[in-house]
Every structure is written in structure tokens, then in C-alpha cells.
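Numbering (the numbering used here), first residue to last: 779 to 1039.
Glycine residues also receive a C-beta, built at the ideal position from the N, C-alpha and C atoms.
No experiment lies behind these values; they were computed from the predicted model shown.
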């Protein structure tokens, strides 16, 4: 669709437990909707020094008084529940005068979908965007200490969250296959892959150079450092490489696992 094709009064809300406007997938989605003529409200976390509401790059940012702490299982759960509760209240309040045509909820956590349920019950479609597989994320981080008995509950919450949505999207085929295996109907889940912003990553704006022109083999990890992504494996592998290879690993991203790496 061309920019301006839609009326600017057609509004969409995106809810995510994420810092705004830092999350690249959310930002790309919101900017694509903006360019198609929609008004987009992004509801997320409020980091220190940030305004509660902000007009940014043609988008409306709404930040709730919750920020990332992530201290253990109880810390994760408490933070997720607090954000979901505040998001439900704020989303319902905004809908009263913004009249959203669609609400999109991004995971984690999957049960954040229920924050949109009051608006969903007014007839507004709900789109669930699975950034991660919540059961595997839980298993990777919190399988010790007897918490594995909670895994069926986490899996059940993931299924229930997908069930309340009108449609589900996710980032790649393996994650789609996992969701289908856990009960999401195949015809209700689609893949929308992450993609670079060509305004920033335009090959024509950069001089091409031969591979390893400076003698350095550069490896890049562009993601939030989390155990589930296997960054620790990459770091350990770097230590085992022949020093004569002259390899370098560049890590782009931030998160609680970064200090461990």
C-alpha cells in the first residue's frame, strides 16, 4: 500500500513488554503501518528518564511505569504480571477515545494477550506476534529448582493466549512449527520474518570490499543476549579458534545475560 492510502483516523495499538522505541521488530512493524496511512500507538516499558507519552517519528509512544529488572523466576513473573495489568487498564482507557481497529500484542510473555481481552470483547480483532517460544524460554531459564513441574502450566498459557487471538504471526518457520505442535491451528499462524531497514542498510551507500580485506574474520551476533540464543556457545567457540585465524565476534544487543558473557 502507498503512504496515505488509509485514513489517518484508522488507529492500531501495539502492546509489548519492551523498551520504546528500541525493539527493532516492533519499530519496523509500526513504521510500515504508519507508511500505509495508519495511526499507531505503541504501549511498552518506561525506562528512567523517558516521558510517559511521546510523539516519535510519526508514532505515538505510551510508556507504563514498569522497567526491566529480571531477577529470577519470581522477578520475571512479577514484572510480566505488573505490566500486563497496567497494559490492560491503559489499553482499555485509550480505546475509549482512540477507537482502535486492531490490537497487536507481542510476546514475551504470551499471556500478555489477555491484556487486550477487554478491547477484544468490544469486537476489535487481536493479532498475537510470537517473538519467542514461551515454553522453551521458560525451560531454558528456569528448569532447575523443581520448577519443571510448572512447564505444563506455561505450555497451557501459551495455547490459551493463542486461542484468544484472531490470528497469530511469528518470526520463522521453526517457531511456527513449535506453535502448531502445541495446538495452534496451522491456518491461523503465519510467518513474518524480521528484515533490515534498507534505509539504514543500503549496500549502494557503502563501499564494497573483498572478504577479509583487512585480514580480520568478523562474526556478528545481532540480538538480545539470552541463554536461549546460544551466544555462550559462540563465545566458547571463539576461545578454541586458532589464534592465527584472527577472528573477532561483535555482539550487538543488551540484556541481563550480557554481563555473564
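Assignment of residue 910 by DSSP, reduced to helix, strand and coil, places it in the coil class.
Here the alpha carbons of residue 884 and residue 834 stand approximately 20 Å from one another.
Taken through DSSP and simplified to helix, strand or coil, residue 816 comes out as coil.
Where residue 789 is concerned, the enclosing beta strand (DSSP E) starts and stops at 789 to 797.
By the CB criterion at 8 Å, residue 837 and residue 820 fall inside the cutoff. Contact annotation, residue 1000 with residue 1031: C-beta distance approximately 7 Å; criterion of less than 8 Å satisfied. Your pair residue 803 and residue 909 checks out as a contact, with CB atoms roughly 7 Å apart and the cut at 8 Å.
For residue 893 against residue 906, the beta-carbon gap comes to about 11 Å, at or over 8 Å, which does not count as contact. If you keep only unbroken beta strand (DSSP E) runs of at least 3 residues inside the region 956 to 1033, you get 967 to 969, 995 to 1000 and 1025 to 1030. Residue state for residue 807 is assigned as helix, using DSSP reduced to three classes. Annotation: residue 880 to residue 874 spans about 14 Å, alpha carbon to alpha carbon. Of the candidates 825, 856 and 832, 825 places its Cα closest to the Cα of residue 845. By DSSP's assignment, residue 882 forms a beta bridge with 792 and 905. Contact between residue 904 and residue 944 holds: CB atoms are separated by about 5 Å, below the 8 Å threshold. Linking residue 1023 to residue 980 through their CA atoms gives a straight-line distance of about 29 Å. For residue 829, DSSP records no beta bridge to any residue. Rounded to the nearest angstrom, the gap between the Cα atoms of residue 830 and residue 797 is 12 Å.
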